[in-house]
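As structure tokens, the structure follows; a few thoughts come after it.
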Amino acid sequence: MRKLTGSFVAMVTPFNKDGSVDFEAFRSLLSFQREHGTGAILIMGSTGESSMLSPDEKKEIIRQTAKMKTDDMPIFYGCTGNNTESTIEAVRFAKDNGADGAILAAPAYICAPEADIEGFFLDVADATDLPLGIYNNPPRVKSDLHWDNLLRIFKHPNYVIHKESTARVGQVAQVLAGRPDVSVMCCDSPNLGLVVPTMSLGGHGTANMTGNLAPAEMAVISRPWTSYGEAEGFKDGYLNLLPLLHFTYSAINPVAVKSLMKAVGFPVGELRKPLRPLDPQALAKGVAIFKDLGLDRKYGLKPVAISDVAA
Numbered sequence: 001m002r003k004l005t006g007s008f009v010a011m012v013t014p015f016n017k018d019g020s021v022d023f024e025a026f027r028s029l030l031s032f033q034r035e036h037g038t039g040a041i042l043i044m045g046s047t048g049e050s051s052m053l054s055p056d057e058k059k060e061i062i063r064q065t066a067k068m069k070t071d072d073m074p075i076f077y078g079c080t081g082n083n084t085e086s087t088i089e090a091v092r093f094a095k096d097n098g099a100d101g102a103i104l105a106a107p108a109y110i111c112a113p114e115a116d117i118e119g120f121f122l123d124v125a126d127a128t129d130l131p132l133g134i135y136n137n138p139p140r141v142k143s144d145l146h147w148d149n150l151l152r153i154f155k156h157p158n159y160v161i162h163k164e165s166t167a168r169v170g171q172v173a174q175v176l177a178g179r180p181d182v183s184v185m186c187c188d189s190p191n192l193g194l195v196v197p198t199m200s201l202g203g204h205g206t207a208n209m210t211g212n213l214a215p216a217e218m219a220v221i222s223r224p225w226t227s228y229g230e231a232e233g234f235k236d237g238y239l240n241l242l243p244l245l246h247f248t249y250s251a252i253n254p255v256a257v258k259s260l261m262k263a264v265g266f267p268v269g270e271l272r273k274p275l276r277p278l279d280p281q282a283l284a285k286g287v288a289i290f291k292d293l294g295l296d297r298k299y300g301l302k303p304v305a306i307s308d309v310a311a
């Protein structure tokens with residue numbers, strides 16, 4: 001497949017009032033992303049509350065949303081299972097039902113050594129020809145792949161994306177210096193501080209969750225630098241969007257993003273328990289940031305009463 005660049009948005013999962021998955025809302029949210037410059041979509045990542053979806057819900061989400069994809073905005077799915085075999089099964093199901101690719105992290109909770117996780121990624125890649133991506137996310141899974149592990153894995157032809165979420169700028173630099181044939185992207189968290197060095201060193205974009213709220217702005221920030229124009233646009237866009245970036249990472253993913261989306265009028269429904277929406281005071285700050293940036297007017301959104309959203 002073509003090398004992915006730009007804004008790779010990890011979407012929320014919308015729910016109906018009865019708690020079921022809202023597929024009409026999925027269609028609306030995907031259309032919104034497509035209209036505003038998003039390069040690719042991840043469904044059922046951590047932002048999509050994937051760990052709280054049932055196996056049957058995950059399969060139905062793949063079946064239904066894969067029918068909504070278009071050539072200009074590929075859809076990847078989070079397919080990490082609890083072990084190698086369940087991950088392979090999930091990846092094969094995604095491929096058979098129309099997925100453009102799958103994103104994998106190390107299986108959670110087991111805290112496996114890096115050598116074992118390297119083997120995990122290679123075993124999964126050997127079992128499929130679906131394009132794959134790696135999400136190196138040690139804060140969540142405790143397994144932290146060194147750039148040597150990553151560069152060996154990226155020699156496998158099925159890997160096409162790398163999303164980095166360490167706090168080490170040097171990690172991104174070493175991966176880019178190795179010139180792997182993958183799209184090198186990073187988390188958009190301002191606390192990790194990876195966006196500026198990744199893009200300035202030749203990164204291909206960001207794998208982000210703030211694009212749920214501000215897709216056009218994240219598309220600008222995530223555009224690879226080929227001239228001074230992209231660098232200047234990045235600087236202005238990034239500095240302007242910093243308040244929203246800090247807000248979206250102010251609470252456990254996806255609490256802040258989904259709470260604010262509902263508050264400003266997106267059809268996202270509730271968080272799944274035990275997650276709860278932000279308290280009214282914190283949420284009001286997010287709505288104020290959104291309005292100060294003019295995003296409500298830009299996207300034609302009508303914020304609702306905070307009391308209708310917050311706990």
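So the sequence shown is numbered by the working numbering: it starts at 1 and just counts up by one.
Ideal Cβ positions, reconstructed from N, Cα and C, are used throughout, including at glycine.
None of these values were measured; they are calculated from a predicted model.
Chain B within 8 Å of residue i, Cβ atoms only
i	result
N240	Of the protein chains in the structure, only one exists, and it is not chain B.
Cα-Cα separation between residue i and residue j, rounded to whole angstroms
i	j	result
I103	I117	14 Å
G300	V264	10 Å
G78	V309	27 Å
G133	K3	12 Å
R272	L29	19 Å
R34	K155	31 Å
A312	G193	One cannot answer for residue 312 here, as it falls past the ends of the chain, which runs 1 to 311.
P55	E89	12 Å
E114	I43	26 Å
Y109	V169	25 Å
P14	K69	17 Å
D148	P190	25 Å
V255	Y135	20 Å
G19	E49	13 Å
S31	E57	22 Å
H36	L245	18 Å
K235	I153	32 Å
G294	E85	47 Å
V141	L122	18 Å
C-beta contact flag for residue i and residue j at 8 Å
i	j	result
V257	T47	yes
P280	S307	yes
I161	V195	no
F76	A99	yes
H204	M185	yes
E60	V91	no
N16	R63	no
G211	S7	yes
M73	A94	no
T128	N83	no
L130	G101	yes
V9	V268	no
A207	C187	yes
6 Å Cβ shell around residue i - same chain, five flanking residues per side excluded
i	result
G202	L176
S183	K3, L4, I161, H204
G178	L151
K285	none
S143	A106, A112, I117
N137	A105, S165
D71	none
Bounding residues of the alpha helix (DSSP H) (the contiguous stretch that carries residue i)
i	result
N240	228-248
V169	169-177
F121	114-126
T70	Here T70 belongs to no alpha helix (DSSP H), and DSSP marks it neither H nor E.
Y283	The sequence shown places Leu at residue 283, rather than the Tyr named in the question. That run of the alpha helix (DSSP H) goes 280-292.
F26	23-35
S7	Unbroken run through S7 is the beta strand (DSSP E), 6-10; no alpha helix (DSSP H).
M261	255-264
I88	84-96
Cβ-based neighbour list, residue i, same chain, cut-off 8 Å, excluding 5 preceding and 5 following
i	result
P303	A263, V264, G265, V287, F290, K291, D296
N253	S46, T47, M209
T87	C79, T80, G81, L104, P107, F120, V124
K298	A216
A173	P197, L201
L283	S259, L260, A263, P277, I306, V309, A310
F247	A256, L260, K285, G286, I289
P224	T5, G6, M199, G202, G203, H204, G205, E230
G237	E217, V220, I221
G233	V220, R223
Host beta strand (DSSP E) of residue i (start-end)
i	result
G51	Checking the displayed sequence, the identity of residue 51 turns out to be Ser instead of Gly. Note, S51: premise wrong, no beta strand (DSSP E); not H, not E.
K17	No beta strand (DSSP E) holds K17; DSSP gives it neither H nor E.
N208	205-208
S200	Where S200 is concerned, there is no enclosing beta strand (DSSP E), although the alpha helix (DSSP H) it sits in stretches over 195-200.
7 Å CB neighbourhood of residue i in its chain, flanking five on each side removed
i	result
Q171	W147, E164
S51	none
E270	F15
L354	Because the chain spans 1 through 311 in this model, residue 354 falls outside it and cannot be assessed.
T38	S7, V9, M73, G211, P215, A219
D126	none
Open item on the list: Does the contact criterion of 3 or more C-beta pairs under 8 Å hold for the segment 237-249 versus the segment 6-26?
Closed with: When Cβ pairs closer than 8 Å are counted between the two stretches, the segment 237-249 is seen not to touch the segment 6-26, the count staying below three.
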